[in-house]
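>
Protein chains: 2
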Amino acid sequence: MPKPTPQAPRERYREQIRTEVKAHAWNQIATAGASALSLNAIAKQMGMSGPALYRYYASRDELITELIADAYRSLANALHHIADKKGDLAALAHGVRTWGLEDPHRYLLIYGTPIPGYHAPPTTTAISSEIMKTLLTAATATPTTPDEIDAHLAHHRAWAGDDQIPTTALHKALTFWTRVHGALSLELTGHLDGMDFDPGELFAAEVRSLMS
Amino acid sequence: MPKPTPQAPRERYREQIRTEVKAHAWNQIATAGASALSLNAIAKQMGMSGPALYRYYASRDELITELIADAYRSLANALHHIADKKGDLAALAHGVRTWGLEDPHRYLLIYGTPIPGYHAPPTTTAISSEIMKTLLTAATATPTTPDEIDAHLAHHRAWAGDDQIPTTALHKALTFWTRVHGALSLELTGHLDGMDFDPGELFAAEVRSLMS
DNA sequence: TATCGATAGTTAGAAGCTATAACCGCCCCA
DNA sequence: TGGGGCGGTTATAGCTTCTAACTATCGATA
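Protein sequence lines, in the order shown, are assigned to chains A and B. With full-length UniProt numbering applied, the first sequence covers 1 to 212. With full-length UniProt numbering applied, the second sequence covers 1 to 212.
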């Protein structure tokens with residue numbers, strides 16, 4: 001769906017090139033990983049030479065920053081879509097996994113080793129907390145068991161925003177995150193490859209552990 | 001402790017330089033991450049110029065490979081040390097965390113986003129399965145609960161080697177790994193930074209979940 | 001002990017990257 | 001129908017990995 005705002009031709013062209021650059025960037029990331037992303041190579045692929053891309057992105061970091069924001073946006077959308085129809089915490093977990101398997105490098109761009117000098121801009125942190133919000137509302141609808149940590153979280157729950165959410169749900173959302181990420185990231189980084197069992201089964205088992 | 005084998009002076013010197021190079025490499029990794037590791041910079045720090053290091057490491061990748069192997073070795077040793085005195089699965093988990101906090105980049109070098117073209121040599125996979133073995137023996141000593149996955153793992157347990165280990169222990173060791181990595185890697189990559197609770201508390205809660 | 005070969009280190013240079021600077025020409029808007 | 005801004009170009013600096021060719025020195029062996 002194109003943006004409804006009718007833009008000046010210069011602006012339209014500019015935006016088109018930017019998305020084309022990002023398309024090539026994703027392509028490159030999917031094959032060789034984020035560290036191998038090269039503005040030069042992208043320019044060559046687009047039939048223009050080197051420094052031309054600096055008209056569109058001030059630096060390689062700026063491009064990566066936008067790619068990260070887009071990845072976050074994509075994940076948030078996928079999760080919203082799931083939350084809207086079922087809202088089940090288990091469905092969300094499997095949604096995260098299918099989203100991650102769709103393009104492992106995209107997942108790792110967000111949740112893998114951080115880029116050395118990179119600091120998340122407010123837009124991505126906003127999307128991140130948006131995702132957290134979705135998790136929290138789903139977590140309130142699932143059964144929870146009390147834990148020692150509840151006392152601690154009761155005093156450190158500013159990040160959750162909404163005061164209506166029970167403390168046990170905060171814990172549930174947090175463990176959702178760590179367990180989903182734990183099983184999925186090990187699968188995506190290939191650390192489960194040596195063993196011949198199905199990573200999906202292990203993931204499913206973790207999801208079950210979340211639902212009790 | 002120095003190696004007991006008395007080596008030829010040439011060989012001794014060679015080994016000394018190699019370890020000195022690695023020391024600088026670790027220093028550099030700890031500050032700027034693995035992707036910023038530069039042979040050139042290391043050479044300059046050591047007072048010699050550029051290509052001299054290629055006498056000691058055929059390529060940047062070879063150096064990184066050895067660093068990874070050393071990191072694995074270090075983690076394995078730390079875990080062995082713990083297993084020898086208590087053997088408790090919880091103690092092992094907290095051991096992994098303190099090892100990771102000691103040098104986050106070292107942990108991420110192993111368990112973070114993999115280097116694009118990197119394939120683990122047999123030595124590191126050997127250490128990896130050595131660690132797994134330690135986990136498995138510790139897992140047999142902790143209470144386990146049956147799960148659907150047990151049927152699957154019963155038919156895919158070649159990686160565990162030892163046939164004496166109960167299937168539920170395999171599952172326990174696996175979930176140990178995914179949960180410990182999940183909570184710890186999110187902490188180390190800074191994804192828990194926005195919230196003001198203590199990551200150690202969350203980690204401890206996950207460890208408790210492992211012990212039941 | 002004297003010699004000779006292996007080895008450590010050097011500089012030069014190719015190919016690649018990010019990024020800046022200076023310049024040209026076209027497009028679009030007034 | 002101008003004219004300013006913008007896209008694209010080449011040149012260049014400075015960084016990287018890594019190869020090639022050369023020198024000097026160290027050490028094992030005759």
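A virtual CB, placed ideally from N, CA and C, is assigned to each residue, including glycine.
Looking at glutamate 11 of chain B: is its Cβ nearer than 8 angstroms to the Cβ of methionine 46 of chain B?
No, the Cβ-Cβ distance between glutamate 11 of chain B and methionine 46 of chain B is not below 8 angstroms.
> DSSP three-state call for tyrosine 57 of chain B: helix, strand or coil?
coil
> Give me the Cα-Cα distance between proline 199 of chain B and threonine 31 of chain A, rounded to the nearest whole angstrom.
Whole-angstrom Cα-Cα distance: 34 angstroms.
> Report the start-end ranges of each alpha helix (DSSP H) in the stretch 100-137 of chain A that is 4 residues or longer and not cut off at the edges.
104-111
> Between which two residues does the alpha helix (DSSP H) harbouring glutamine 28 of chain B extend?
Taken as a continuous stretch (DSSP letters only), the alpha helix (DSSP H) holding glutamine 28 of chain B covers 9-32.
> Mind checking the stretch 187-207 of chain A against chain B and listing, in chain order, the residues whose C-beta falls within less than 8 angstroms of any C-beta there?
Thr189, Gly190, His191, Gly194, Met195, Asp196, Phe197, Asp198, Glu201, Leu202, Ala204, Ala205, Glu206
> Can you give me the Cβ contacts of threonine 5 of chain B inside the same chain, cut-off strictly under 7 angstroms, excluding the 5 residues immediately before and after it?
In this prediction, threonine 5 of chain B scores a pLDDT of 48, lower than 50, which makes its location untrustworthy; the coordinate-derived value is nonetheless stated afterwards. Excluding sequence neighbours, threonine 5 of chain B sits near nothing in its chain.
> Under 9 angstroms Cβ-Cβ, which residues of chain A neighbour serine 35 of chain B?
Ser35, Thr113, Ile115, Pro116
> Report yes or no: do three or more beta-carbon pairs, one from the stretch 127-136 of chain A and one from the stretch 147-157 of chain A, lie closer than 8 angstroms?
no
> Of the residues B:Leu192, B:Trp177, B:Leu186, which one's Cα is nearest the Cα of leucine 89 of chain B?
B:Trp177
> With 16 as the cutoff for other CB atoms within 10 Å, does proline 114 of chain B come out buried or exposed?
buried
> Would you say tryptophan 159 of chain B lies against chain A (beta-carbon separation less than 8 angstroms)?
yes
> What's the C-alpha gap between threonine 123 of chain A and histidine 171 of chain A?
25 angstroms
> For arginine 179 of chain B, would you say it is in contact with chain A, using Cβ-to-Cβ distances shorter than 8 angstroms as the test?
yes
> Can you list, in chain order, the residues of the stretch 124-154 of chain B whose Cβ is nearer than 8 angstroms to any Cβ on chain A?
Thr125, Ser128, Ser129, Asp147, Glu148, Ile149, His152, Leu153
> What is the DSSP secondary structure of phenylalanine 203 of chain B, counted as helix, strand or coil?
helix
> Serine 49 of chain B and alanine 41 of chain B: beta carbons closer than 8 angstroms?
In this structure, serine 49 of chain B lies away from alanine 41 of chain B, with their beta-carbon atoms at least 8 angstroms apart.
> Apply the 10 Å Cβ neighbour rule to tyrosine 13 of chain B and answer buried if 16 or more other Cβ atoms are within range, or exposed otherwise.
exposed
> Short of 8 angstroms Cβ to Cβ, which residues in the stretch 162-176 of chain A face chain B?
His171, Leu174, Thr175
> Excluding sequence positions up to five away, which residues of its chain have a Cβ less than 8 angstroms from the Cβ of proline 146 of chain A?
Thr168
> Tell me, to the nearest whole angstrom, how far the beta carbon of isoleucine 149 of chain B is from that of glutamate 187 of chain A; I am working on the premise that it is less than 8 angstroms.
About 14 angstroms; that fails the 8 angstroms criterion.
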